[in-house]
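Colleague:
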Amino acid sequence: MASWRNRDTRAAYLFILPWLVGFALLTAGPMIASFVLSFTNYDGIGPTKNVGFDNYRQLFDDPSVATSMMNTLVFTALRVPLSMALALALAMLLLRVTRGSGFFRTVFYLPVMTPSVAVGILFLLLFNGNVGVINRALEFVGITGPSWTTDGSWVKPGLVLTTLWALGGTVVIYLAALKNVPQELYEASELDGAGRWTSFVNVTLPQISGALFFTLIVNTIASLQTFTEAYTAFYGTANTQTYSSDAALFYVVYLFQQAFQFMHMGYASALSWLLFLVILVITLVQARLSKRFVYYEGEAR
């Protein structure tokens with residue numbers, strides 16, 4: 001029996017070996033290298049020069065760090081709850097669909113496959129202040145649309161609305177969670193005289209709270225690392241001077257500029273570790289708060 005266990009163990013390690021190699025070479029290795037580089041002055045070509053904590057001190061003196069971080073946090077605060085609420089509403093609608101449910105699930109999920117670069121270009125097509133589809137539609141009903149791409153107050157809301165294009169993955173997760181809610185709980189709630197809203201709050205939300213918490217974590221991390229859509233729309237075009245670059249300066253965009261435009265690899269590495277710490281702290285806070293709101297079946301309360 002021991003020999004069988006040993007053989008199974010060796011087989012298990014053999015199966016996970018590709019992942020371990022990939023993790024070491026593509027994740028752990030680059031993280032260690034970036035941590036070392038964060039204490040140096042390195043341009044990607046010449047030799048490295050040790051500068052101690054100068055890069056980290058510069059983070060607190062660089063106004064673009066605070067601007068880009070604030071833009072990112074505002075974008076995250078807008079996008080995450082809005083995307084989760086809309087995805088849950090769509091999932092509940094799909095739950096009521098009997099015929100063609102597979103077709104609608106596919107339709108909602110297909111935008112997830114759209115490249116982020118295309119979404120950035122789509123932003124310019126939809127939200128152009130003069131000829132954009134959104135403002136044309138608003139004019140049709142007598143509303144003057146804002147300057148989405150030049151007014152700093154509307155840049156982030158416009159990008160948030162554009163990224164909602166690809167919330168199909170969250171919809172699928174919520175739909176699966178909703179299908180696992182025991183129907184007898186709704187029947188018991190109805191017998192107690194509870195209405196639809198009361199059943200939603202006291203039955204649906206607690207039963208799918210695990211899925212809500214998972215998507216909260218994933219969407220928050222993704223939003224804090226947003227890059228492609230903003231860079232494509234505001235920095236990847238030839239006429240970037242016509243756009244409000246300050247309002248679209250997200251943290252990872254600024255990190256990318258420091259690393260590959262100005263070749264400040266050491267400073268960019270320090271920027272990346274600051275973002276890692278911010279994401280870590282926010283995730284830990286969310287995990288701590290989840291103990292009050294997340295219900296797991298079979299867990300003692």
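Each residue of the sequence shown is one higher than the last, beginning at 1 in UniProt numbering.
C-beta: ideal position from N, C-alpha, C; glycine also.
1) Determine the extent of the alpha helix (DSSP H) in which I221 is found, giving its start and end residues.
2) Among the residues of its own chain, which have a CB less than 7 Å from the CB of F200, if the five just before and after it don't count?
3) Cutting at 7 Å between CB atoms, please list the residues of its own chain near M265, excluding the five before and the five after it.
4) Label F108 either buried or exposed according to how many other C-beta atoms from any shown protein chain fall within 10 Å of its C-beta, with 16 as the threshold for buried.
5) Return the bridge partner residues of K156 from the DSSP annotation.
6) Quick one: is L191 buried, meaning 16 or more other Cβ sit within 10 Å of its Cβ, or exposed?
7) Expressed to the nearest angstrom, what Euclidean distance is found between the alpha-carbon atoms of L125 and Y174?
8) Starting from Y235, follow the alpha helix (DSSP H) in both directions and report where the run begins and ends.
9) So what does N41 bridge to, in DSSP terms?
10) Starting from Q286 and walking both ways along the alpha helix (DSSP H), at which residues does that stretch end?
11) Judging by CA-CA distance, which residue of A28, T106, V294 is the nearest neighbour of V171?
12) I'd like the list of long-range same chain contacts for S269, defined as Cβ closer than 6 Å, with 5 residues on each side in sequence excluded.
13) So, using beta-carbon positions, are Y251 and M69 closer together than 9 Å?
14) Label F293 either buried or exposed according to how many other C-beta atoms from any shown protein chain fall within 10 Å of its C-beta, with 16 as the threshold for buried.
15) What is the DSSP secondary structure of G120, reduced to helix, strand or coil?
16) Straight-line CA distance for E139 to F127?
17) Can you tell me the Cβ-Cβ gap for F227 and F262, rounded? I've got them flagged as a contact below 8 Å.
18) At the level of alpha carbons, what is the spacing between A194 and Y186?
19) Roughly how many angstroms lie between the CA atoms of residue 362 and T283, to the nearest whole one?
20) Under three-state DSSP, which class holds S199?
21) Note down the Cα distance separating F15 from F276, rounded to an integer number of angstroms.
22) So which of K179, G22, A118, V203 has the shortest CA-CA distance to T163?
23) Just verifying my parser: in three-state terms, what is the DSSP assignment at I16?
24) Pick out whichever of W197, V160, S101 has its Cα sitting closest to the Cα of F123.
25) For S272, does the count of other Cβ atoms within 10 angstroms reach 16, so buried, or fall short, so exposed?
26) Answer yes or no: do A247 and K156 have a C-beta to C-beta separation smaller than 9 Å?
27) Should I45 be counted as a contact of the ligand MG given a C-beta to heavy atom distance under 8 Å?
Modeller: Short version:
1) 209-224
2) none
3) L37, Y42, D43, G44, A259
4) buried
5) In the DSSP output, where bridge partners are listed per residue, K156 has none listed.
6) exposed
7) 30 Å
8) Segment: none, Y235 is in no alpha helix (DSSP H) and carries neither H nor E.
9) K49
10) 265-293
11) T106
12) S34, L37, S38
13) yes
14) exposed
15) helix
16) 13 Å
17) 17 Å between Cβ atoms; not a contact.
18) 9 Å
19) Any property of residue 362 remains undetermined from this structure, which presents the chain solely from 1 to 301.
20) helix
21) 30 Å
22) A118
23) helix
24) V160
25) buried
26) yes
27) What this structure holds is no ligand at all, so the ligand MG is not there to describe.
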